[in-house]
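Novice: Protein chains in written order, with my numbering: chain P, 3 to 668; chain C, 55 to 498.
Glycine included, C-beta positions come from ideal geometry on N, C-alpha and C.
Source: prediction; values computed, not measured.
Mind having a look at this structure? Questions to follow.
As structure tokens, this is what we get:
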């Protein structure tokens, strides 16, 4: 039988795997608005909640709160007006129960009305129930905040409410010890025409989209941190409290008001409140109070914007000196990143925050997060400085400085210390604070930020750079300076968080790096961490060889190498060991150029296949030191080591494949 | 044309259906479609083209651990005639697990599990409550350790319920435990095969245990495990009785391997067993259509798996994400294979033996088993329990296919007439879902 003959027979996929195979082209013509995805966030055509908020005649609800569905307004001509006053709304009227036929929740063919309790977690959950509510007779039961919390606590048996609703008459019911309830009966509001499209008569102009994709509107409040459509700053600081974390939407805007030392602490502080309702500016309030919310520039609330004026330096640096300084700064950024990382791993922390607020574990976690963030900043700076060097046509610098701090101006006074890996004990934290505090003094060119500032000013007045180059260089240097600014505050917060906890209680690794004897299972782990470290540096080296246009994508692949180093260092820390961070014992960063294919034949240019082979060899060579160690790790007796080897191997493969596919323009 | 390696054709009250073996995909096909092998093979080839199979014979690499069962007491206070473990001691001396071993087991499970995993720790025996102090101390430890490692942990426990004390019921209720109680039927039936060590009735003690649950706290899920032996053949009657005792669900498991061979089912016994299973399944199907709970777990599990289109080349997770710990800390493929040197996969201190697990999974892939590799039911059955296959072979294949055939047809009927059951059985039966939805019908 030819294949096409089969087409005329119907095949109906019955179970889930069969249905997953079926190709569906778009929505069927029978789709209705409420059959859309349960998502009202930006990017969709309209916000279904704007329709459903008026599901009961004469009442307007707001369904965005996880604390419950709240009444926002009522018609003076509606029956509700006989039982409610405007002041009641201000104090909070909640929707406690709804009675009706809930379409997709029917368990029998005959539609049966049922009573559903609308208690937290509400928000989208309650909205789904309303969306399911079929047209026909419905009833709502309203109550004040206090009664609602008793309902939520299960103090009112639903059978009592069901019994009330049998007498279909708008009225009040009072239950001693629980509170006052308003019972209202009506028809579920229809918003579709008989053709199944939205009835223009039932919707006001703008109502469908009023909460979508507009600054200061509902979804602005809905947006989670860093959601694409959002530029809401979430957590900020201000001039009065530069080291405190403040919620951008806090209601208490007094000086010394609602604050915390870390972002996580702020969130946890209000964790037990109903959706932070009483402390946060919410949807409806944001529409009213939009003007009270200040501008935020560089994560700081302010009422003015002052462009940075770069003052010309007294003794500007020339191009050659700038390159020399940047090269040395790169090696210092590298050294600092590793010192911070070692200190961070010495805490042996889980990758995510432990539950609870103010517990010892939570405090240690807070401290760790701050240190880790700074380490990540320094790693980003290492890349940025090298990008600048490349922009200037100079060789990039990936080596690590042996001395941190330089006497650049040669006056014999400088903030210097040999590079040293130590756990995050008080001495080390003190050094971190000192180095970042000194750096804040941007007028002193012996400090790191001071040198960046001098370079920035020198570039601005130099005639050795094109206007275009000046723009790009300034942008990169400003990023580095800006990010350095809060390091001092971050380390200070870490110190506060650890205050009072004995070092031996919070340190999982209590010493500097100590080499584990060969043959011990942990020895291979240390090898894995160092080999991974070398692969990180080699990957960076490789990526810097690639043209500007592809570097971003390659950097993303190179990040796998970083995850591998992180994974190995964490595994060591879990076993109370420090990583050695000695990449040199596995080889050099700069690899010998691959043997030129056809070089012996003289001037013949390599053909495409040879080039391809060379690329594959180069990409493989980057990961070679780690691959050898992973092979050892994979044969370890411990399942967790095998699992680690598997994870690291996968990442290495992904990275290597990406590098093999690279077009270096050779 | 009904049985081939790649598809299975069957009929139900709703019509004619095709199970595509790869991916356990289930289709209704029209009555006009010719059912000769050529046509159907062609159809199946369109659905599942060569080269894009979901199961292609590749063995599973050992995944991170998710479940560990702890044989906390390799001894028992009962003397069941059919016990595969020989009063819990697995042919060795009675042993109790020490706290150190249990703690190392928990640490091991966490160390070899994936980030953020939902872990399950099972307590087996023997009879776990022989080692009550260990249970009391290890459950809180496991919860703390899991939380510190950002994992969640649940517990399961298989017990004969005869040693239960009020505090035990509270313990199990407090620590979110799925409890399986072994019971074989009404008093006479049960006591004939499940006597206490001194020969006295275990039924009376078991009932007392169940009452303690009612009084002092019900576990998260309370199921009954009914062992089928040649002597008790009235499966529907037994199931009715057991469910009447208030279990959340109950299911059957036939004895294939017993230290006393007369207690194990012979090939011919599977005829009446299948009849009994189908009779109970039909009753469960009618109950679902009527919106009433009658939780026959073999049937309900089959329905859910068929709906999801589960297709696995292994019968269970043994040696994969599941391992079992013997009283002295050895890691074994499963709780039945404890003390079996061929299935020892490391120990809790040095870790699981990855390469041994890998070779186990390679050797046990159902596509490498005979006669499984040409059976249409292979990805639903997985090739049979390792413990039973190694000792008895595969005497029950016709029974398994017969049961699956019934479940497939029954599934289609229920999916057609009670689709909400598959969306959420709890909501379907109108019970409270974790306290979220308190609802009631009113009669206005």
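1. Closer than 7 Å by beta-carbon distance: list the chain C residues that pair up with residue 590 of chain P, in chain order.
2. Can you give the Cα-Cα distance for residue 281 of chain C and residue 307 of chain C, rounded to whole angstroms?
3. Which of helix, strand or coil does DSSP assign to residue 65 of chain C?
4. Please classify residue 190 of chain C as buried or exposed, where buried requires at least 16 other C-beta atoms within 10 Å of its C-beta.
5. Mind listing, in chain order, the continuous beta strand (DSSP E) runs of no fewer than 3 residues lying wholly within the stretch 117 to 203 of chain C?
6. State yes or no: is the beta carbon of residue 15 of chain P nearer than 7 Å to at least one beta carbon in chain C?
7. Does DSSP put residue 5 of chain P in a helix, in a strand, or in coil?
8. With 16 as the cutoff for other CB atoms within 10 Å, does residue 469 of chain C come out buried or exposed?
9. Check whether chain P comes within 7 Å of residue 371 of chain C, counting only Cβ atoms and requiring the distance to be less than that.
10. Mapping the DSSP letters down to three states, classify residue 578 of chain P as helix, strand or coil.
11. Relative to the C-alpha of residue 587 of chain P, which candidate in P/536, P/472, P/98 has its C-alpha closest?
12. In whole angstroms, what separates the C-alpha of residue 451 of chain P from that of residue 547 of chain P?
13. What are the residues that DSSP puts in a beta bridge with residue 236 of chain C?
14. Cα separation between residue 446 of chain C and residue 277 of chain C?
15. When we look at the beta-carbon of residue 354 of chain C and count the other beta-carbons within 10 Å, is it buried (16 or more) or exposed?
16. According to DSSP, is residue 370 of chain C part of a helix, a strand, or is it coil?
17. Just tell me which of P/155, P/512, P/74, P/385 has its CA closest to the CA of residue 538 of chain P.
18. Report the partner residues of residue 83 of chain C according to the DSSP bridge assignment.
19. Cβ of residue 312 of chain C within 7 Å of Cβ of residue 482 of chain C?
20. In chain P, which residues lie with their C-beta within 8 Å of the C-beta of residue 71 of chain C?
21. Kindly say whether residue 452 of chain C, judged by its beta-carbon, lies nearer than 7 Å to any beta-carbon of chain P.
22. The stretch 639 to 650 of chain P: which residues have C-beta closer than 9 Å to a C-beta of chain C, in chain order?
23. Give the residues of chain C in contact with residue 510 of chain P, contact being defined as C-beta atoms less than 7 Å apart.
24. Output needed in chain order: residues of the stretch 141 to 165 of chain C with a Cβ under 9 Å from some Cβ in chain P.
25. Helix or strand or just coil, what does DSSP make of residue 398 of chain C?
26. Between residue 581 of chain P and residue 531 of chain P, how many whole angstroms is the CB-CB distance? I'm expecting something under 8 Å.
27. Any idea what DSSP makes of residue 145 of chain P, helix, strand or coil?
28. Buried or exposed for residue 713 of chain P, please, with buried defined as at least 16 other CB atoms from any protein chain shown within 10 angstroms of its CB.
29. Could you round the C-beta distance between residue 406 of chain P and residue 398 of chain P to whole angstroms and report it? I think they count as a contact, below 8 Å.
30. Sort C/273, C/213, C/283 by Cα distance to residue 260 of chain C and report the nearest one.
31. Answer with yes or no whether the minimum CB distance from residue 20 of chain P to chain C is below 7 Å.
32. Using the rule of at least 16 other Cβ atoms within 10 Å of the residue's Cβ for burial, across every protein chain shown, is residue 466 of chain C buried or exposed?
33. Could you name each continuous beta strand (DSSP E) segment of 3 residues or more that falls completely within the stretch 288 to 336 of chain P, going from the start of the chain to the end?
34. I want to verify the contact list: residues of chain C whose CB lies under 8 Å from the CB of residue 23 of chain P, in sequence order.
35. Return helix, strand or coil for residue 220 of chain C, following the three-state DSSP convention.
36. Counting only Cβ pairs nearer than 7 Å, list the residues of chain C close to residue 354 of chain P.
Specialist: According to the data block:
1. Along the first chain, one-based indexing puts residue 590 of chain P at 588. Here the premise fails: no neighbours, minimum Cβ distance about 34 Å.
2. Here the question's residue 281 of chain C lines up with position 227 in the second chain. Here the question's residue 307 of chain C lines up with position 253 in the second chain. So the two alpha carbons sit approximately 5 Å from each other.
3. Along the second chain, read from residue 1 onward, the residue named residue 65 of chain C stands at position 11. Reduced to three states, the DSSP call for residue 65 of chain C is strand.
4. Here residue 190 of chain C is taken as the residue at index 136 of the second chain, counted from 1. Exposed, by the Cβ-count rule.
5. 121 to 128, 172 to 179
6. Working through the first chain from its first residue, we reach residue 15 of chain P at position 13. So yes, residue 15 of chain P belongs to the interface.
7. Taking the first chain and counting its residues from 1, the one referred to as residue 5 of chain P is at position 3. Annotation note: pLDDT 45 at residue 5 of chain P (below 50); position unreliable, coordinate value reported separately. Helix.
8. Numbered from its first residue, the second chain carries residue 469 of chain C at position 415. Counting Cβ neighbours within 10 Å, residue 469 of chain C comes out buried, since at least 16 surround it.
9. As a position in the second chain, residue 371 of chain C is number 317, starting the count at 1. Taking Cβ atoms only, chain P never reaches closer than 7 Å to residue 371 of chain C, which makes this a no.
10. Residue mapping note: residue 578 of chain P aligns to position 576 of the first chain, counting from 1. It is coil, neither helix nor strand.
11. For this step, residue 587 of chain P is matched to residue 585 along the first chain. The shortest Cα separation from residue 587 of chain P among P/536, P/472, P/98 belongs to P/536.
12. Counted from its first residue, the first chain places residue 451 of chain P at position 449. Counted from its first residue, the first chain places residue 547 of chain P at position 545. If I take the Cα positions, the gap works out to 28 Å.
13. For this step, residue 236 of chain C is matched to residue 182 along the second chain. Partner(s): C/279.
14. The count along the second chain starts at 1 and reaches residue 446 of chain C at position 392. The count along the second chain starts at 1 and reaches residue 277 of chain C at position 223. Straight-line Cα distance between these residues: approximately 27 Å.
15. Within the second chain, the letter at position 300 stands for residue 354 of chain C. By the 10 Å Cβ count, residue 354 of chain C comes out buried.
16. As a first step, residue 370 of chain C is located in the second chain; it is residue number 316 there, counting from the start. Here residue 370 of chain C sits in coil by DSSP.
17. Position 536 of the first chain, counting from 1, holds the residue named residue 538 of chain P. It is P/385 whose Cα lies nearest to the Cα of residue 538 of chain P.
18. Mapped onto the second chain, residue 83 of chain C falls at position 29. Its beta-bridge partners are P/13, C/70.
19. For the purposes of this step, residue 312 of chain C is taken as residue 258 along the second chain, with counting starting at 1. For the purposes of this step, residue 482 of chain C is taken as residue 428 along the second chain, with counting starting at 1. Going by C-beta atoms, residue 312 of chain C is not nearer than 7 Å to residue 482 of chain C.
20. Translated into positions along the second chain, residue 71 of chain C becomes position 17. Per Cβ cutoff of 8 Å: 16.
21. In the second chain, residue 452 of chain C corresponds to position 398, counting from 1. For residue 452 of chain C, the answer is no, since every Cβ of chain P falls outside 7 Å of its Cβ.
22. 639, 640, 641, 642, 643, 644, 645, 648
23. Residue numbering aside, residue 510 of chain P sits at position 508 when the first chain is read from its first letter. Those within 7 Å of residue 510 of chain P in chain C number zero; the least Cβ separation is about 12 Å.
24. 162, 165
25. Looking up residue 398 of chain C in the second chain gives position 344. Residue state, collapsed to three classes: strand.
26. Here residue 581 of chain P refers to the residue found at position 579 when the first chain is read from its first residue. Here residue 531 of chain P refers to the residue found at position 529 when the first chain is read from its first residue. Right, the Cβ-Cβ distance comes to about 4 Å (below 8 Å), so this counts as a contact.
27. Position 143 of the first chain, counted from the first residue, corresponds to residue 145 of chain P. Three-state DSSP puts residue 145 of chain P in a strand.
28. The requested residue 713 of chain P does not occur in the structure, where chain P is confined to residues 3 to 668.
29. Taking the first chain and counting its residues from 1, the one referred to as residue 406 of chain P is at position 404. Taking the first chain and counting its residues from 1, the one referred to as residue 398 of chain P is at position 396. The Cβ separation is near 20 Å, so there is no contact.
30. Start at 1 with the first residue of the second chain, and residue 260 of chain C comes out as number 206. The candidate whose alpha carbon is nearest that of residue 260 of chain C is C/213.
31. As a working note, residue 20 of chain P is residue 18 in the first chain. It does: the Cβ of residue 20 of chain P has a partner Cβ on chain C nearer than 7 Å.
32. Here the question's residue 466 of chain C lines up with position 412 in the second chain. Buried is the call here.
33. 297 to 299, 302 to 304
34. Walking along the first chain from the start, residue 23 of chain P turns up at place 21. Within 8 Å Cβ-Cβ: 77, 79, 101.
35. Position 166 of the second chain, counted from the start, is the residue given in the question as residue 220 of chain C. Three-state DSSP puts residue 220 of chain C in a helix.
36. Indexing the first chain from 1 puts residue 354 of chain P at position 352. Those are 204, listed as they occur along chain C.
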